[in-house]
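Trainee: Attaching a single structure in structure tokens format; questions to follow.
In the numbering used here, the protein residues as written are 2 to 265.
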């Protein structure tokens with residue numbers, strides 16, 4: 002059974018690589034978190050996260066957050082949990098260069114933009130035996146994007162005797178402002194995990210789909226990895242993720258992630 006799980010994970014990664022495009026981005030995701038059990042049914046957690054982009058050459062975001070989780074129902078084979086959390090994100094937008102309809106070149110300088118996210122969720126988990134676990138999590142998210150500004154430079158196209166070029170010495174400089182915005186999104190995430198007997202590894206695969214409520218957004222995140230149990234209080238997780246979406250919130254591409262969790 003363990004061999005079948007490992008083979009399934011390898012095939013899952015192969016499918017993701019097949020669908021990935023050559024111009025997709027690549028980044029790293031590093032997180033550290035802790036969890037404290039307050040009562041038999043209630044627990045709280047905190048997490049800090051860093052993510053890179055542009056083939057790991059620039060930061061993509063820093064984030065810190067925390068939340069509460071309450072176990073509504075707990076049986077031998079299934080359980081239901083409700084959770085609420087809050088997160089603050091500092092996101093870095095890369096410099097962008099594009100051509101206007103008139104053929105001029107426009108460059109928007111890189112900038113940071115802050116936002117905070119509030120989430121409420123409910124999750125059901127089913128374990129048909131000691132090894133397999135299937136879970137489904139439904140989440141409603143509210144994102145508030147703070148206003149931000151940057152510099153936009155436009156370079157006129159010049160048709161010279163030796164070809165077309167842009168006037169780099171005399172750009173038209175303007176301040177570009179991004180107004181604050183509120184976005185609501187619904188997320189559905191299904192995860193399948195297998196706990197290998199007498200082994201610290203617990204491989205998993207998941208599919209996460211997000212749908213924008215007050216704006217147009219379709220987001221997919223497909224992941225495969227494993228939890229690594231160090232001891233009763235310490236756990237390490239490593240994963241590969243391919244994500245794609247039709248808005249500018251996150252770049253399409255590949256992510257390798259490592260997270261460390263501590264329970265006390």
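Heads up, the beta-carbon is just placed ideally off N, CA and C, and yes, glycines get one too.
What span of residues does the beta strand (DSSP E) with residue 218 cover, start to end?
Mentor: Taken as a continuous stretch (DSSP letters only), residue 218 belongs to no beta strand (DSSP E), as it is neither H nor E.
Trainee: Answer with buried or exposed for residue 204, where buried requires no fewer than 16 other C-beta atoms within 10 angstroms of its C-beta.
Mentor: Result: buried.
Trainee: For residue 216, tell me which candidate among 130, 231, 198 and 248 has the shortest Cα-Cα distance.
Mentor: The shortest Cα separation from residue 216 among 130, 231, 198 and 248 belongs to 248.
Trainee: Check this for me: beta carbons of residue 110 and residue 92, under 8 Å apart or not?
Mentor: Result no, Cβ atoms of residue 110 and residue 92 do not sit closer than 8 Å.
Trainee: For residue 200, report the span of its beta strand (DSSP E) as first-last.
Mentor: First-last for residue 200: undefined, no H or E at that position.
Trainee: By the 10 Å Cβ neighbour count, where 16 or more other Cβ atoms means buried, how is residue 226 classified, buried or exposed?
Mentor: By the 10 Å Cβ count, residue 226 comes out buried.
Trainee: Which of the three DSSP states, helix, strand or coil, is assigned to residue 136?
Mentor: In this structure, residue 136 counts as strand in the three-state DSSP scheme.
Trainee: Nearest to residue 126 by alpha carbon, out of 159, 147, 79 and 139?
Mentor: Comparing Cα-Cα distances from residue 126 to each of 159, 147, 79 and 139, the minimum goes to 79.
Trainee: How big is the Cα-Cα spacing for residue 56 and residue 244?
Mentor: Each residue's alpha carbon lies about 15 Å from the other.
Trainee: I'd like the span of the beta strand (DSSP E) that includes residue 60, first residue to last.
Mentor: Element bounds for residue 60: 59–75.
Trainee: So the beta strand (DSSP E) residue 147 belongs to, where does it begin and stop?
Mentor: Where residue 147 is concerned, there is no enclosing beta strand (DSSP E), given that its DSSP letter is neither H nor E.
Trainee: Does the separation of the CB atoms of residue 64 and residue 46 fall below 8 Å?
Mentor: No, the pair does not count as a contact, with Cβ atoms beyond the cut-off.
Trainee: To the nearest angstrom, how far is it from the Cα of residue 182 to the Cα of residue 151?
Mentor: Each residue's alpha carbon lies about 17 Å from the other.
Trainee: Note down, in chain order, each residue of its chain lying with its Cβ closer than 8 Å to the Cβ of residue 265, except the 5 sequence neighbours on either side.
Mentor: Closer than 8 Å at the Cβ level, and outside the excluded window around residue 265, lie 35, 36, 37 and 234.
Trainee: Can you tell me which of 81, 27 and 74 puts its alpha carbon nearest to the alpha carbon of residue 58?
Mentor: Selected option, being the one with the closest Cα: 27.
Trainee: Just reading off the beta strand (DSSP E) that residue 94 is part of, what are its end residues?
Mentor: That run of the beta strand (DSSP E) goes 79–94.
Trainee: Skipping 5 residues on each side, what residues in its chain have a beta carbon closer than 6 Å to that of residue 230?
Mentor: Correct list, in chain order: 201 and 236.
Trainee: Do three or more CB pairs link the segment 180–198 to the segment 153–168 at distances below 8 Å?
Mentor: Result no; under three Cβ-Cβ pairs closer than 8 Å.
Trainee: At the level of alpha carbons, what is the spacing between residue 257 and residue 53?
Mentor: Taking the straight line from one Cα to the other gives about 10 Å.
Trainee: Quick one: residues in its chain with C-beta nearer than 7 Å to the C-beta of residue 94, no 5 flanking neighbours on either side, listed in chain order?
Mentor: Excluding sequence neighbours, residue 94 sits near 111, 112 and 114.
Trainee: Can you tell me whether DSSP reads residue 108 as helix, strand or coil?
Mentor: Strand.
Trainee: Whose CA, out of 102, 67 and 135, lies closest to the CA of residue 119?
Mentor: Of the candidates 102, 67 and 135, the one whose C-alpha sits nearest the C-alpha of residue 119 is 67.
Trainee: Does residue 42 come out as helix, strand or coil in the three-state DSSP assignment?
Mentor: Residue state, collapsed to three classes: coil.
Trainee: Just to confirm my understanding: we take residue 25, look at its own chain, exclude 5 residues before and 5 after, and list those with CB closer than 7 Å. What are they?
Mentor: Correct list, in chain order: 253, 254 and 255.
Trainee: For a quick check, are the C-beta atoms of residue 149 and residue 121 less than 8 Å apart?
Mentor: No; because the gap between Cβ atoms is not below 8 Å, this pair is not in contact.
Trainee: Is residue 242 near residue 224, with beta carbons less than 8 Å apart?
Mentor: In this structure, residue 224 lies closer than 8 Å to residue 242 by Cβ.
Trainee: For residue 107 versus residue 155, is the C-beta distance shorter than 8 Å?
Mentor: Going by C-beta atoms, residue 107 is nearer than 8 Å to residue 155.
Trainee: Helix, strand or coil: which one does DSSP assign to residue 49?
Mentor: Residue 49: strand per DSSP, three-state reduction.
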